[in-house]
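Step one of this worksheet: look at the structure below.
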Amino acid sequence: MPPNPAPGINPVALTYTPPPHPRSTSPAPAPSGSTAASIPHPEPISSKVYHIAGLLVTVYGLEELAPSCTDVAVLWLLHPRLQTQECMAPFAAHIIASFDQRNHGSREVSAIANEAWRGGNENHAQDMFGCFQGTAADTSQLIDYLPGYIFPAGGPHSDQRITGPHIALGVSLGGHSAWQCVLHDPRISAAIVTIGCPDYERLMTDRARLSKRKSWLDGNGARFVGSADFPASLAANPVMARHFANKRILCLSGGADRLVPYKLAEPFMTWLKAVSAKGSGGGFFQHGGLFLHDVVLPGVGHDVPPQMRSRI
Numbered sequence: 009m010p011p012n013p014a015p016g017i018n019p020v021a022l023t024y025t026p027p028p029h030p031r032s033t034s035p036a037p038a039p040s041g042s043t044a045a046s047i048p049h050p051e052p053i054s055s056k057v058y059h060i061a062g063l064l065v066t067v068y069g070l071e072e073l074a075p076s077c078t079d080v081a082v083l084w085l086l087h088p089r090l091q092t093q094e095c096m097a098p099f100a101a102h103i104i105a106s107f108d109q110r111n112h113g114s115r116e117v118s119a120i121a122n123e124a125w126r127g128g129n130e131n132h133a134q135d136m137f138g139c140f141q142g143t144a145a146d147t148s149q150l151i152d153y154l155p156g157y158i159f160p161a162g163g164p165h166s167d168q169r170i171t172g173p174h175i176a177l178g179v180s181l182g183g184h185s186a187w188q189c190v191l192h193d194p195r196i197s198a199a200i201v202t203i204g205c206p207d208y209e210r211l212m213t214d215r216a217r218l219s220k221r222k223s224w225l226d227g228n229g230a231r232f233v234g235s236a237d238f239p240a241s242l243a244a245n246p247v248m249a250r251h252f253a254n255k256r257i258l259c260l261s262g263g264a265d266r267l268v269p270y271k272l273a274e275p276f277m278t279w280l281k282a283v284s285a286k287g288s289g290g291g292f293f294q295h296g297g298l299f300l301h302d303v304v305l306p307g308v309g310h311d312v313p314p315q316m317r318s319r320i
């Protein structure tokens, strides 16, 4: 197994051989792609840079689009941390759109804000969350505006062509963004999450452990959430909080109940217990105030016998 790349190394760089120069209809330099020799690079494809809502968005493949095509699927490329949209060029084929994530490339305003704790950024958890969640919001906004630029009113085929479905492909930091995209925008029907994580709290808790942060060492991780390294606002979960915050639930079931079998509730109960579990290996909602006690009495049918009543 190859070693994990060092911080700052492009994880996409081990994917393709150097690309041939694509045809470009914009003054922007051609994306340089990656440099490894593992997989032949895709065929050259046209690209054009658009200024959309204050962002530089590279759209690939418009020249190759068949005149008869009316429904145009769009793949959104979301790059890793410490990289720029150019590193995702090897994935370009057909209709692809890419742009720099927040505070990266053409949008960078603070280099230190892209670093991890070990790189000297004391606000690493807040900065990275704001970056990839903001990038997901940017993607949704660009989905609104993209058709007006690539198929403008009065242009060829402007009345027939429809953009969609939309797919997000993200790597590392972009993978975190891809999770946000597919979960929060119904127009994004699929996601390809590459070396990304859907559980940000657990990811940052483990990173704090590996970085030997005081916030983790004090209490062996038990007090990390709510600390300066991971403020309580980052752990807020409005959907779970709306339904389960500070609730006490006692579930009593009969193991032999044939009318309301416990096995039908078990998948949901197993999930709810996992996400609300307490302790260092607890779930993402462990600080939500939910206390759940699930009791299944063997041999009890659809009834409330004394051994069940005694627990009420």
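First residue of the sequence shown? That's 9 in the numbering used here, and the numbers climb one at a time after it.
All C-beta atoms, glycine included, are put in the ideal place defined by N, C-alpha and C.
- Measure from the alpha carbon of L83 to the alpha carbon of each residue in I196, G142 and L258, then state which is nearest. I196
- Taking buried to mean at least 16 other C-beta atoms within 10 Å of its own C-beta, is T66 buried or exposed? So T66 counts as buried.
- CA-to-CA distance, I158 to G69, given in whole angstroms: 11 Å
- Message: Whole angstroms are fine: how far does the CA of I200 sit from the CA of L191?
- Response: Answer to the nearest angstrom: the Cα atoms are 13 Å apart.
- Query: Run through DSSP, which three-state label would R210 get?
  - Reply: Look at R210 here: in three-state DSSP terms it is helix.
- When you compare only the Cα positions, how much space is there between V312 and G262? 8 Å
- Item | Boundaries of the alpha helix (DSSP H) in which L181 is found, first to last residue | L181 to H192
- Candidates G113, F137, E72 and T78: which alpha carbon is nearest F238's? Taking only the C-alpha atoms, the option nearest F238 is F137.
- Which residue or residues does DSSP assign as beta-bridge partners of H174? V82 and I196
- Among the residues of its own chain, which have a CB less than 8 Å from the CB of E209, if the five just before and after it don't count? V233, F238, L242, A243 and F292
- Exposure label - E94; buried when at least 16 CB within 10 Å: Label assigned to E94: buried.
- Tell me, please, which residues DSSP counts as bridged to K402. Nothing can be reported for residue 402: it is not among the residues displayed for the chain, which extend from 9 to 320.
- Task: Determine the direct distance from the alpha carbon of L258 to that of Y270, and round the result to whole angstroms.
- Result: 14 Å
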